[in-house]
Amino acid sequence: MMCCLLPAFGSSAGQVYTWTDEKGVTHITETPPPPNATDRDVIKYVPKTKEEEASIRQRQQQSSALEQKEQLVAEAKDARRQAEQARAKAIELKALADQLFQQSEAFKTKTSNTIRRWQKNKSTRLKLEQEAAEAQQKALAADEEAKRLEERAENAEKRLEEIQAKEESLAVEKSTPVLQ
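In the numbering used here, the protein residues as written are 6 to 185.
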């Protein structure tokens, strides 16, 4: 907390005092604390040079870039994992839909030899057809979800590649001497 507050006191070298008053309130000031203050602490502030400030900014930028890359890698891995799970679920649901459709067709064939059987088993036949259609819809939805997740993973990987290419080009620019 102190590091964040120090720049607010100006860039000139000086002292920052922290102290607690009789009510238990902590104060941070540039002026010395009163004699009855407790928990006194003096921080001597020495301003950073321009080189040190530039170095700090560069480290912060590198840390931020690394954090962003790690986040993109994690996002891409997570999206790939979710896409694989969705793809497996889509395959499973497609197999179930095919099985239900075959059961429906087999039942139709079994009951279609007479009109009486056809009419008597109409509700069962319709139920089987509906179950097959619902399973087919679920399989299609799972397939769409898998495609969406794969696209998300590809986008994250593409952003990661762009960041890495940008970093490489900056590294090349820094290592190339400037001719005058």
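Virtual Cβ for every residue (Gly too), placed ideally from N, Cα, C. Since the model is a prediction, treat every value here as computed from it, not as a measurement.
Using 7 Å as the threshold, is the C-beta distance between residue i and residue j below it?
i    : j    : result
Y50  : T34  : no
A137 : S109 : yes
K88  : E155 : One detail in the question is off: residue 88 reads as Ala in this sequence, not Lys. Against a cut-off of 7 Å, the Cβ pair of E155 and A88 comes out as a contact.
R85  : A147 : no
F112 : L133 : yes
L98  : A144 : yes
P40  : W24  : no
K82  : I168 : no
A151 : A95  : yes
V47  : Q20  : yes
Per DSSP, what are the beta-bridge partners of residue i in this structure?
i   : result
W24 : H32
D46 : T23
Got a sec, what are the start and stop residues for the alpha helix (DSSP H) residue i sits in?
i    : result
T119 : Careful: T119 lies outside any alpha helix (DSSP H) and carries neither H nor E.
What is the C-beta distance between residue i and residue j, in whole angstroms, given that I count them as a contact (C-beta under 8 Å)?
i    : j    : result
A140 : A102 : 4 Å
L71  : R164 : With 8 Å as the limit, L71 and R164 do not qualify as a contact, their Cβ atoms being about 15 Å apart.
Answer yes or no: the CB of residue i versus the heavy atoms of the ligand PLP, is any distance below 6 Å?
i   : result
Q65 : The ligand PLP is not part of the structure shown, which contains no ligands of any sort.
So is residue i in contact with chain D if we call contact Cβ pairs under 7 Å?
i    : result
R153 : Within the model displayed, chain D is absent; a lone protein chain is all it includes.
message: Using a Cβ distance threshold of 8 Å, determine whether the region 60 to 75 contacts the region 123 to 130, with at least three qualifying pairs required.
response: no
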